[in-house]
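Engineer: Numbering (the numbering used here), first residue to last: 995 to 1133.
#1: Just reading off the beta strand (DSSP E) that residue 1067 is part of, what are its end residues?
#2: Should the region 1033-1043 be regarded as contacting the region 1060-1067, the criterion being three or more beta carbon pairs within less than 8 Å?
#3: To the nearest angstrom, report how far apart residue 995 and residue 1027 are at their CA atoms.
#4: If I'm right that residue 1092 touches residue 1103 with Cβ under 8 Å, what's the distance once you round it to whole angstroms?
#5: If you pair each beta-carbon of the region 1080-1091 with each one of the region 1111-1130, do three or more pairs fall below 8 Å?
#6: Under the three-state reduction of DSSP, which class applies to residue 1058: helix, strand or coil?
#7: I'd like the list of long-range same chain contacts for residue 1073, defined as Cβ closer than 6 Å, with 5 residues on each side in sequence excluded.
#8: Got a sec, what are the start and stop residues for the alpha helix (DSSP H) residue 1107 sits in?
#9: Is DSSP giving residue 1118 helix, strand or coil here?
#10: In angstroms with no decimal places, state the Cα-to-Cα distance between residue 1090 and residue 1013.
#11: Measuring only the C-alpha atoms, how far is residue 1067 from residue 1016?
#12: Can you list the alpha helix (DSSP H) stretches of 4 or more residues lying completely in the region 1014-1052, in chain order?
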């Protein structure tokens, strides 16, 4: 079943894209893609800088070349699922625990952070809240 659902983009998305290309042409579409890449790269850089400034030495993370997520690893004793369940509402942060990406229940000290669909100020504020949540969790 799963393979059949992943063979192609949904028909609705294909119709929307075909309409956009018919109305605007491929050059406008390519420019839109470039604009989105610039946006994501800028947001990635803001998040990387905020993580380096606020959480240096407390976490490790990748610096992605593309995409819209940063994979964050915390010290082994931290269970990100429990931390998110118990504290994310209080600190108003939204993250996905690493265990959600594991078929074996591992990656419990990791989480995925998104830098899409937010402003640079929201990223800085989010990392500040994450720092406060980590401090509370470690207390």
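For glycine and all other residues, C-beta sits at the position ideal for the given N, C-alpha and C.
Structural biologist: Here's the rundown:
#1: 1063-1067
#2: yes
#3: Unreliable placement is indicated for residue 995, whose pLDDT of 46 sits below 50; no coordinate value is reported for it.
#4: 7 Å
#5: yes
#6: coil
#7: 1102
#8: Element bounds for residue 1107: not the alpha helix (DSSP H) but the beta strand (DSSP E), 1104-1108.
#9: helix
#10: 34 Å
#11: 44 Å
#12: 1020-1049
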